[in-house]
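Letter by letter, the sequence shown follows residues 1 to 109 of UniProt numbering.
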Amino acid sequence: MLLDDVAADFPGLTIIMAHPSVPWQDAAISIATHKANVYIDLSGWSPKYFPPQLVKAANGLLKRKVLFGSDYPLLKPERWMADFETLDIKPEVKPLIFKENAIRALGLR
Numbered sequence: 001m002l003l004d005d006v007a008a009d010f011p012g013l014t015i016i017m018a019h020p021s022v023p024w025q026d027a028a029i030s031i032a033t034h035k036a037n038v039y040i041d042l043s044g045w046s047p048k049y050f051p052p053q054l055v056k057a058a059n060g061l062l063k064r065k066v067l068f069g070s071d072y073p074l075l076k077p078e079r080w081m082a083d084f085e086t087l088d089i090k091p092e093v094k095p096l097i098f099k100e101n102a103i104r105a106l107g108l109r
């Protein structure tokens with residue numbers, strides 16, 4: 001994936017991959033794992049369609065690299081949140097996804 005080269009060549013550039021990186025989720029998870037400047041956002045898809053490997057990564061290695069995104073108005077926040085609650089996301093990871101990771105990625109703190 002070319003994004004891996006961009007992330008390596010520009011380590012000071014924050015990169016946020018969107019739409020759960022479908023159909024390249026395995027490559028996206030790998031890049032976000034190995035590049036400090038790369039994040040994955042969850043916009044564009046209902047959480048009920050998230051690939052299992054993304055949910056696993058969000059709970060583990062990438063718990064500080066995954067960001068909330070609803071893709072409003074395509075997905076209404078109420079529907080997105082209801083679908084998200086059906087996922088097996090650890091309670092301690094939810095505040096990271098919904099707030100803390102974005103603060104860090106966007107340099108707001």
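Here a beta-carbon is modelled for each residue, glycine too, at the ideal position from N, C-alpha and C. The structure presented is a predicted model; accordingly, all values stated were derived computationally and were not measured.
**Endpoints, alpha helix (DSSP H) assigned at D88** = Here D88 belongs to no alpha helix (DSSP H), and DSSP marks it neither H nor E.
**Prompt:** Do you know offhand how far L106's Cα is from F68's?
**Reply:** 13 Å
**L42 versus P20: straight-line alpha-carbon distance, rounded** = 5 Å
**Message:** With a threshold of 7 Å on Cβ separation, who are the neighbours of L75 within its own chain once the five nearest residues in sequence on each side are excluded?
**Reply:** S46
**Under 8 Å between C-beta atoms of G44 and A7** = no
**Request:** With a cut-off of 8 Å on the beta carbons, I'd call L54 and Q25 a contact; round off their distance for me.
**Result:** 6 Å
**Request:** Could I get the ranges of all uninterrupted alpha helix (DSSP H) runs contained in the UniProt domain "Amidohydrolase-related" (2-108), with 4 residues as the minimum, in chain order?
**Result:** 2-9, 25-34, 52-59, 77-84 and 101-105
**Given A27 as reference, the closest of D4, P52 and I97 once Cα atoms are compared** = D4
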